[in-house]
Every structure is written in structure tokens, then in C-alpha cells.
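Protein chains: 2
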Amino acid sequence: MTLFRVWAPLAANVQLLLDGSLVPMSSEQNGYWRCDCSSAGHGMDYAFVLDGGDALPDPRSPWQPYGVHGRSRVLDHSRFRWSDAGWRPPILSSAVIYELHIGTFTPEGTFDSAVGRLEYLQQLGITHVELMPVAEFSGAWGWGYDGADLFAPHHGYGGPDGLKRFVDACHAAGLAVLLDVVYNHLGPSGNYLGRFGPYFTTRYSTPWGPAVNLDGAGSSEVRRFFCDNALMWLRDYHFDGLRIDAIHAFFDLSAVPFLEQLAGEVKRLEAHLGRSLVLIAESDLNEPRVVTPTEAGGYGIDAQWSDDFHHALHSVLTGERAGYYQDFGTLGDVGRALENAFVFDGRRSLFRGRPHGRKPEGLPGWRFLGYLQTHDQVGNRAKGERSSRLMNVGRLKIGAAIVLCAPFIPMLFQGEEFGADTPFQYFTNHEEPDLARAVSEGRRKEFAAFGWKAADIPDPQDPETFSRSKINWAELEREPHTSLLAWHKQLIALRRRTPEFADGRLDQVEVRFSESEQWLAFRRGGYVIALNLSQETRRVPFAFPGALVLASEADCIIHKTSVEMPSDSVAILRVINNGRDI
Amino acid sequence: MTLFRVWAPLAANVQLLLDGSLVPMSSEQNGYWRCDCSSAGHGMDYAFVLDGGDALPDPRSPWQPYGVHGRSRVLDHSRFRWSDAGWRPPILSSAVIYELHIGTFTPEGTFDSAVGRLEYLQQLGITHVELMPVAEFSGAWGWGYDGADLFAPHHGYGGPDGLKRFVDACHAAGLAVLLDVVYNHLGPSGNYLGRFGPYFTTRYSTPWGPAVNLDGAGSSEVRRFFCDNALMWLRDYHFDGLRIDAIHAFFDLSAVPFLEQLAGEVKRLEAHLGRSLVLIAESDLNEPRVVTPTEAGGYGIDAQWSDDFHHALHSVLTGERAGYYQDFGTLGDVGRALENAFVFDGRRSLFRGRPHGRKPEGLPGWRFLGYLQTHDQVGNRAKGERSSRLMNVGRLKIGAAIVLCAPFIPMLFQGEEFGADTPFQYFTNHEEPDLARAVSEGRRKEFAAFGWKAADIPDPQDPETFSRSKINWAELEREPHTSLLAWHKQLIALRRRTPEFADGRLDQVEVRFSESEQWLAFRRGGYVIALNLSQETRRVPFAFPGALVLASEADCIIHKTSVEMPSDSVAILRVINNGRDI
Chain A
13 MTLFRVWAPL
23 AANVQLLLDG
33 SLVPMSSEQN
43 GYWRCDCSSA
53 GHGMDYAFVL
63 DGGDALPDPR
73 SPWQPYGVHG
83 RSRVLDHSRF
93 RWSDAGWRPP
103 ILSSAVIYEL
113 HIGTFTPEGT
123 FDSAVGRLEY
133 LQQLGITHVE
143 LMPVAEFSGA
153 WGWGYDGADL
163 FAPHHGYGGP
173 DGLKRFVDAC
183 HAAGLAVLLD
193 VVYNHLGPSG
203 NYLGRFGPYF
213 TTRYSTPWGP
223 AVNLDGAGSS
233 EVRRFFCDNA
243 LMWLRDYHFD
253 GLRIDAIHAF
263 FDLSAVPFLE
273 QLAGEVKRLE
283 AHLGRSLVLI
293 AESDLNEPRV
303 VTPTEAGGYG
313 IDAQWSDDFH
323 HALHSVLTGE
333 RAGYYQDFGT
343 LGDVGRALEN
353 AFVFDGRRSL
363 FRGRPHGRKP
373 EGLPGWRFLG
383 YLQTHDQVGN
393 RAKGERSSRL
403 MNVGRLKIGA
413 AIVLCAPFIP
423 MLFQGEEFGA
433 DTPFQYFTNH
443 EEPDLARAVS
453 EGRRKEFAAF
463 GWKAADIPDP
473 QDPETFSRSK
483 INWAELEREP
493 HTSLLAWHKQ
503 LIALRRRTPE
513 FADGRLDQVE
523 VRFSESEQWL
533 AFRRGGYVIA
543 LNLSQETRRV
553 PFAFPGALVL
563 ASEADCIIHK
573 TSVEMPSDSV
583 AILRVINNGR
593 DI
Chain B
13 MTLFRVWAPL
23 AANVQLLLDG
33 SLVPMSSEQN
43 GYWRCDCSSA
53 GHGMDYAFVL
63 DGGDALPDPR
73 SPWQPYGVHG
83 RSRVLDHSRF
93 RWSDAGWRPP
103 ILSSAVIYEL
113 HIGTFTPEGT
123 FDSAVGRLEY
133 LQQLGITHVE
143 LMPVAEFSGA
153 WGWGYDGADL
163 FAPHHGYGGP
173 DGLKRFVDAC
183 HAAGLAVLLD
193 VVYNHLGPSG
203 NYLGRFGPYF
213 TTRYSTPWGP
223 AVNLDGAGSS
233 EVRRFFCDNA
243 LMWLRDYHFD
253 GLRIDAIHAF
263 FDLSAVPFLE
273 QLAGEVKRLE
283 AHLGRSLVLI
293 AESDLNEPRV
303 VTPTEAGGYG
313 IDAQWSDDFH
323 HALHSVLTGE
333 RAGYYQDFGT
343 LGDVGRALEN
353 AFVFDGRRSL
363 FRGRPHGRKP
373 EGLPGWRFLG
383 YLQTHDQVGN
393 RAKGERSSRL
403 MNVGRLKIGA
413 AIVLCAPFIP
423 MLFQGEEFGA
433 DTPFQYFTNH
443 EEPDLARAVS
453 EGRRKEFAAF
463 GWKAADIPDP
473 QDPETFSRSK
483 INWAELEREP
493 HTSLLAWHKQ
503 LIALRRRTPE
513 FADGRLDQVE
523 VRFSESEQWL
533 AFRRGGYVIA
543 LNLSQETRRV
553 PFAFPGALVL
563 ASEADCIIHK
573 TSVEMPSDSV
583 AILRVINNGR
593 DI
């Protein structure tokens, strides 16, 4: 017996197409239709027919073996044999996150092939793996942000069972798994939701398509769709948490914001399951309310990405000042980020043409993720270059030390740990010729505005753009990759064994720097991280005896009240007596 | 010496047109232009010329003697001789507010003629007068929500000095004065702001025109414009507070919402001036955050209009169930409003097609205004009929008793206190023929959708529609107006002398009712308000000895455990012993 149920409030008649015959569905409250079908079971294909029209995939299809336009397939979650009974994830405040994209993480680009790399991640010291979106999207490859069947793991990655095997294997390796979910829009291809109900609204718009209807008529059922999606990944796929894409594209004037509802529902599932579940938001709002507990008037999201920290770090390490980097570029900004999470806490932003953000009073550092690279910061560049192509090895090591010693939850983007040379470019595989052309041209136009020549922009639809973006694990055998990997391992190991680095109290972070001499030092408990970004050897001053714990260059020399450091180097020192000043 | 200053960030050149000659202005930071002009002074006409174009009125014009399209006039606020030194307004939680529209409150329709009625308001027991918008709008008359020069009191009402005389006279009569300000859109005629800068955005829209740019590039200066406007009314015109129109049409994703910024700036001015200033929002959001103090994560607005209470009351008293009244109509809804402020505190709304609102946990009743009528609830009806045309005198008295004994700040709409027969219809006086026609046709179309014939809809542009809406004070000589006025006076006097009625603790309100017998009783401290809406005499039960304080009908009879009440009557009883049950 299988229950088929679909929300189609505008339809006068809904039928289930199963085994070549049309089965009538009966109307329920609030626009739902249902049909209990004794002949249906796991693995059977089906579709819905609204008012005698086309056969459409189920908006909540659990499995799309033929892609976004094809039939949906019945999935019985109880058939999978999990081996992770008793699994408890490491807590988020002590996490080291690794963002990965299934399609490019391994040559095969599947869930199963990624399992082969879990031991590597475990040895690197990673605690949480974060998967870029896996919901069924148009074509055989893509970043995943164009998902159309939000309940179905992409068939090309290995479908539902492949994903379950991956999560199960992660748990067996002691790794928690987070999933990136996109609730602010749907992809341009295969999105049939609007035929079923008012999932979208024209009252607001996003850069990627119509905005989701979170506060208009019918929004209760639309929210149900997205909340149920979140609960499904956590319950049926055993994910340990979700990363919610671009919440700044949620338009929602309701008294109980969607995010708060989602956080509340996830907390209730957490209590029910008895294991910790976390929500991490991508937010461009610099709005502390997002990660403030609901008891204190916030939305109750556990943590958020912190682009200000990234931008501050990236711009001092690369010297880049274009686009949003125009708001950054000083060591003072890096210091502000370390002490305050938001560089823009109400300060005026030139890039935005207005003041931006608000001081995150009282929020601990582990409400924020800190990173030098993400899929966005790499992939949204015209040519998808990683930091390894934009700075020397010394600076890569400095960036890693800051990220991994900062008061934030550190995150690495796949390959960052060894300074991968391969790019991560924007790739798509849309099948509709018009859409394919529009995406290729759109990309060229976007960068033409910044002075790029069309010929220099990789074509997102070119299969080479995809394969060029795959991690080349053979690089690990060569320098500087081998020593970069070792450096990251050392830093992660230091962070994980040192409680001071997980201390979230931002008011305990002390930063000193000289803009003219281009050095900076910051203190975390009994440790000081000192770095020299100048082209000369510098003495970074401090006022206590220290011992060298780690240094990126052999010739870092400890003096009585300073550390002498070569150009583009970083050192981690331990305070010997309990001096307060650095 | 007069300083002219204007924000025109897109202009390459700005000139001041003064006395027939063009004076160059110099560019300042952030897109401002200035000119210190020694030859200019109070009463001189001027305009701005952007890039050699038309002469435009000053966006911040303090005086538009020739209407929205004409020259602006220099105003020296220091010339007015105020007589209200030492004025301190009554506190908001004990207020009885009277909403009035200058154009229809008196036959002359001016600030000065309204002064002649202040003694009447004082004797009625009013504490706060709330003026519908007075900022310069298109034409000689209108409701005021189409304001185009937000800093200039309408020339037809008497301009800046007329308004100051009015406020001064209110204070002399012991009356506080609030002003209705519209910051969510500008009127369709005379709105030159878009020529000066990015005041509006196309990212969002309102039913009345382009949305104000509160969170995009340049929004800091746009917010400055509106905040400075608020501060001007409070500082230079001595207003005691503002009513902020339709905050649900503010679209604002910034970390410090505009409303919170405005509330903060007003609180700082309050401290500076040493007298209390209040902000009241019109909100359709049922979002407690609006009137929650900033310390508790709210926006810090003092109080908000409460339409749920109105709708619950109106629908039980009139039997109307169309439009938004479909969500109301039971005594249970009236009870929920009395105990909870919001009837929709997360419950599903049929009218909205979604759950609506949130429980206002811990907020006192005086964060909400309670009313049976407002300019909107009367004027947005096809024919602008007041409650006096929709219910009998008995029910008018019931409505008044509930409003004036409820835990909310009571508000009356001009003429309500005597059951005025005159309507308050939608009237405009646009001069542009196309706009005039569009407004007339728009009104007809809007109501055609509800089955109205065009001929039955008053034409907003017909001068008769305006004059028909003027209060006819001669009605006061006749019944039932004389006794309705007396009833309101008795209730207001009772409220003002009885501390229990100003007690804001909603959890102290006890309500009992019988839907089938159509009676309801609610308790406020030592008082019980009992009403019978059935067509028969009813015994409303209670469990303590009570004494009659006020009754709308002579034949209300107190029994030992009940009060016997004729159809459509209300009685206010005092508890004799300290029994807790009613």
C-alpha cells in the first residue's frame, strides 16, 4: 500500500498516472489530493496529471531516475539498512568543516566514489563534511543550486541509496554530514511547482528567478513543502544538519518568519531523534538576529557563513580591491573581523552605497563560519581560480593559520588543504538549447561588464569546464601540495587539541597590527598568531616570553619581546607566563 | 543668511533659483549640494534646477504656498512665538485619542477653525488629538495620504503658521497632538523626489505606487529624509507623537530596520527636549516585534493600531461578513481580542489564505489602540458610511462601552462621539485631468468587483463628495446625537477616573460569553462590562453582588447572580465584595 499525496489547490481534478493507467485522486482539506494505492510499491514509476494535462513529476518526488522532466519513482525509506545506530555527531562549536561537491570531488563524481576519500578527510582532521546541493537538477552535472526536485538526490550522483551509503560511511568514519539546501528559488529547468500551486510570488524577485511565496496566500503549504524537505534529509537520510542557501533572498513579512519556523521544527525533530541537528545559514545581511536564539528574539539558526571575514582576509592576501573587495583591504579590517565577526556592523559600505549590518552583541564566535575559500568565492570568479593561483605559498599558509586559529568555525573548500591547482568554474548541463545558450551568454555578459573578453570566459555548458574543475588528486604527490597538506593537518590538529581555539568569546580576542609595517598578531587564550605580510623581515612585538609552536618558515626567531619573521610568514607562539599583553 | 541644502546624488550640476536668478550650488559628500545665501530669508520663494532642467520644488520644502507643483518658500521656524513652555503631555497608556481630518472637521476646514472646537474635545474628555496627514498634497482637499511635500503643512489648511497655532492651542487646552505621517509611498501628483535621487525602488512595490528605498544603495540618505521629517514635526511643530501609516508596506531587509532607527532617533530627541514623544504604527502584520522594546529585540515603537479588535467588534455589531470580516463574526473573536489583542496570533486566516500573526506574549494592552471606527474603516467603504448608519443606537452604545472599557488605548474618529450621520467618503482634488479620471474610474472598478453599480459610488473628484463628508455640528442639537454624546462623555469620564481601565495586563482580563444566547461579559479589575446582543431580554450571569455604574438602558435590573438586560444593551457593574468570578 502506497499513499500518494500532492498539494494542488488550483486543480479541479488530479489523477495519478501509474503503470500506464490513470487513477483518480480524492480532494482533501487545504488543496491536498490523495490516493491510497494498494498496487503501488517501491521502485514503481508514477506522475501526476492535473485537469487532464501533461504527466508531471511529483513536486515531492523522492527519486527522479530519468532526470527533472521524467517520471517520479516510489521510494520506501525503510528498505535501507543503516549501520550508524547510536551515532552522535561532534558538536558544532568544535567543528572543522569541509565543503565538497560530489561531481568534482572524485573523477567518477558519485556518492560511492566519494566514500573512498573519507579516510583522507578523517586523517586531515575534518569533523563535518558539507555537501553542495544534491537535489535533482537539470542535466548530468552542475553546481546544484538549480535544483528542481528538492526531495530527490540527483540520479547521476547515485540517487537515494547512493546518498544513504555516503552518509552511513561518513558516520562510520566519525564524520558528521551537512547538506546545502536551496529554498530561495528553484532552477530554471524542470520546475513544475508553479503548475501545482502558488509556490512562487511576483511580489518580490530574486536574481535567480521568481521568489518563493513565504508570506502570501497558500504560504502555509509552501512552507510545509520546504520544512518537510529539511526534516526529510535529517530524518530519512541521517544528515546532521543543513546549510541554508542565501537567506537574504527570503522575502517574508510574516510575524513568524520562515527561518524561525524551520529552526523550531528542526529542534523538535532533534529532541525526537535524540541526536544533535544543526542549521547554518548563508546570510549577506550582517543581521545578528539570524543566529540569535529564539528566546532572545532571534530566529534560532545555529550559525551563519561570515563573508566579511573572508573578504577582509582575501583582500589583504591578494591585494584585490574590485567589486565587493573595495570595502576591504586593510589589516584593520582583518582585526575587526577577528574581534567582531562582522566588519560591517553598521559602518557605511561603499560597495552597497549604504550603511550595512549590526554589531553581533554577545554572540559567540562559533555562531559564524570562517573561511578563506568557498565554492562561491572561487567559482564566482570569471575563471574560477582558487587562492593558490592568486597568492604565494607563504600567504596560503598565513590564510590557513588565520582561518584555523580564528574564533570562528573553520571551513575548507575541497582541495584547499593542498592548494589544488585545478579551478572550480561555473558549469551547467542544461538540455534545453535556449536555456543553454542563455546561460552561456549570461555568463559572458556578466563578466564583460568587468572588462573580460568573451573568449576568456569558460563556457558553463562546455563539458570541459566541468571536467577541468575536478580535483586532481595526483597533485598531492607534488610540492607545494604535499607541504601545504601537512601545514593544514598541523593546524587542524593544533586547533582540535587546544581548547582555547574553540573558545567563542569574541571579547577575549586581542588583535594588534601595523598597517604601515604590514604585520598583525592576535591572541587566543595562551596562544598568539603572528604574521608578516610585508616584503621585508619584521619584528612583531609582544610583551611576554613565548615559545614557538608552529611556524610557516624555518627562520622565525623568538626574541625577548618580539618574534623576527621573514616576509609572508606566520608563527604560532605559546605564552610562557600568564602575561596579558602581546 | 539662509542655508539651502539638497540631496541630488545623480546630478552633475545643481542650481538654486531665487529671485529670478540661478545661484550655483556646491557639491558636498554623499551627494548633497549646498549654498549659503546671504540675500535669502524667511518668506522668499525658491526652487532647485538639476542639470539645467525644470525648476523643481525642494524635496524638503518647508512651505508650498502654491501647491505641490509650485515654488518652495523659505521658512524661519524661530519666528513663531510659542506659548506652550513647560508643556508635558499626558502619558500614552492613559490616553483617549480623537482622530480628526482638518478639511472636514469644521466647515472652513482649516487649522484655525479647528481651534474653535478644542474646548469641545476637552469637555468630551479627549487627551490626544491625532491629525490625519497634513503634508502638502495635490489639490485643495484630500485625505492627505497622497502627500508630495512631506515637510510642508498643506497651504489650504493654513500652512506652517496655521499648524503651529493649532498645536499651541491644543497644548493650551491640555491636549496632546499626534500627526499621521506617510513614509511608505508618496502621492502620484507632485512627487519630484525620484528626479533628485534613489528615493524609490523597483525591487518591491506597494498598492499605492513605488516602494520607498529603505535598504538599497543610497538608502541611508533616504532614511535621513524620513527621520528628519519625523524629527521636524516633533521639534519644530511641537507635536507629541506620530502615527506611522501602513508599516506593512515598508520593505526592508537591513540589519537595523528603518522603524527601529526612527524609534531610536525619536527617543534621543525626547531626551534632548525633556518631554515625552510617542510613535504609533499602523501595522497589518500582527507582529509583536513592532511594539516590543529594542532591549527585548523589538523595534521600539510605542503602540500600534489593532485592526483585529475593530474587525471582531464591527462584525458582531453589524453582522457583516464580507472581505476581511469573513475571518470574524463571533463573540469568541471579541473575547480573544480583549484577552489577547490579536485575534490572529498564528491562527489560519481564510481571508489571507494562510496563518497570520503571533501571540503578543507579555505585551501590555496599551501597546495597542482599540477603536470601533477610523478614517479607513469608514472611508474605505463604498459609500463611506459610519457605524451610525450600520447599527442601531443600542449597538453604538455597546461598541462605545467595549472600546472605552477595553485594555487598549481607546480612539474615536471625529463625529463618532455623537453618532454623526454624515459619511466620510473618499475624496480627492487632483488637478491633472488624466490622474483625476484614473482615480474616479479606479474607485468605481474597485467596488464593481464587489457588485456595486458605478452610479452608486461617490466620485472622489466630485467636490460634493468632499463637502458631504464634513462634520455637521448642527446634528448635536438633535437626538439620538445628544444622548450618544452624553454616553461617550460618561464612559470617557469613567475610564479616566478609574485606574483599573488603564491597567494594561491582558492576563487580568476575564471574558465570558454565550454564542447561542449572544451575551458577553468581561471583567477589568473591580468592574464588569456586560452586554446583550440578542433580540431578547437576557440574564447575564455572574457570581458576586454587583452595583450598577452605568447602563445604556433604564431597564437593566441587577439580580443576585445575574443582570437582566434588554436586547442590544450594555451595563457596567462594580463588584461589591472581592469575588473573583463573574
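These protein sequence lines are chains A and B, in that order. If you count the first sequence from 1, you need to add 12 to reach my numbering. If you count the second sequence from 1, you need to add 12 to reach my numbering. Note that CB positions come from ideal geometry on N, CA and C, so glycine has one too.
Around Leu68 (chain A), the same chain offers Ala59, Phe60, Val61, Leu62, Tyr204, Arg207, Phe208 as residues with beta carbons nearer than 8 Å, after the five sequence neighbours per side are excluded. Its chain contains Val405, Gly431 as the residues whose beta carbon lies nearer than 7 Å to that of Pro492 (chain B), once the 5 sequence neighbours on both sides are disregarded; these appear in chain order. Contact note: Ala308 (chain A) reaches chain B through Gly309, using a C-beta cutoff of 8 Å and chain order. Comparing alpha carbon positions, the residue from B:Gly377, B:Asp446, B:Asp240, B:Arg46 closest to Ser318 (chain B) is B:Gly377. Met13 (chain B) counts as exposed, since fewer than 16 other beta carbons sit within 10 angstroms of its beta carbon. Exclusion of the five residues before and after Ile138 (chain B) leaves Val108, Tyr110 as the residues of its chain whose Cβ lies within less than 6 Å of its Cβ. Here Asn544 (chain A) is bridged, per DSSP, to A:Trp531, A:Ser581.
Between Gly312 (chain B) and Gly276 (chain B), the C-beta spacing is below 8 Å. Sorting B:Gln437, B:Glu294, B:Arg509, B:Arg586 by C-alpha distance to the C-alpha of Thr116 (chain B) places B:Gln437 at the top. Bounds of the alpha helix (DSSP H) holding Leu136 (chain B) are 130 to 136.
Close to Gly230 (chain A), with beta-carbon spacing below 8 Å, are these residues of chain B in chain order: Gly365, Arg366. Within a 10 Å sphere around the beta-carbon of Ala413 (chain B) sit 16 or more other beta-carbons, which makes this residue buried.
Chain B has no Cβ within less than 8 Å of the Cβ of Leu274 (chain A). Contact note: Val224 (chain B) does not reach chain A at a C-beta cutoff of 7 Å; the least C-beta distance is about 13 Å.
Rounded to whole angstroms, Gly331 (chain B) and Thr573 (chain B) show a C-alpha spacing of 30 Å. About 6 Å separates the CB atoms of Ala223 (chain B) and Ser217 (chain B); that is less than 8 Å, so the two are in contact. Ranking B:Arg379, B:Gly128, B:Asp161, B:Leu226 by CA distance to the CA of Ile292 (chain B) puts B:Arg379 first. Measuring C-alpha to C-alpha distances from Ala563 (chain A) to each of A:Val540, A:Glu512, A:Ser546 identifies A:Val540 as the nearest. For the stretch 365 to 452 of chain B, the continuous beta strand (DSSP E) assignments of 3+ residues that do not extend past its boundaries occur at 380 to 383, 421 to 425, in sequence order. At a cut-off of 8 Å, the C-beta of Arg370 (chain A) has a neighbouring C-beta in chain B. Distance between Asp48 (chain A) and Val234 (chain A), taken at the CA atoms: about 23 Å. Between Tyr216 (chain B) and chain A, the shortest Cβ-Cβ separation is below 8 Å. With a threshold of 8 Å between beta carbons, Arg508 (chain A) makes no contact with chain B.
Between the stretch 532 to 550 of chain B and the stretch 580 to 588 of chain B there are three or more inter-stretch CB-CB distances shorter than 8 Å, so the stretches are counted as touching. Trp485 (chain B) and Gly128 (chain B) have their alpha carbons spaced roughly 12 Å apart.
Interface criterion not met: the Cβ of Arg379 (chain A) is under 8 Å from no Cβ in chain B.
The contact set of Asn298 (chain B) on chain A, defined by CB atoms closer than 8 Å, consists of Ala267 in chain order. Look at the beta carbons and you see the stretch 298 to 309 of chain B not touching the stretch 340 to 349 of chain B: under three pairs across the two are nearer than 8 Å. Chain-ordered listing is empty here: chain A has no CB closer than 9 Å to the CB of Gly335 (chain B), the nearest sitting near 14 Å. Take Pro172 (chain B), set aside five residues on each side of it, and the residues of its chain with a beta-carbon closer than 6 Å to its own are Trp75, Leu87, Pro165, in chain order. By the 16-neighbour rule on beta-carbons within 10 angstroms, Gln426 (chain B) is buried. When the five nearest sequence neighbours on each side are left out, the beta carbons in the same chain lying within less than 7 Å of the beta carbon of Pro36 (chain A) are those of Gln27, in order along the chain.
Assignment of Thr330 (chain B) by DSSP, reduced to helix, strand and coil, places it in the helix class.
Taking 8 Å as the CB threshold, Gly358 (chain B) lines the interface with chain A. Along the stretch 322 to 346 of chain A, there is no position whose C-beta sits under 8 Å from a C-beta of chain B. Under the 8 Å criterion on CB atoms, His260 (chain B) is classed as interfacial with respect to chain A.
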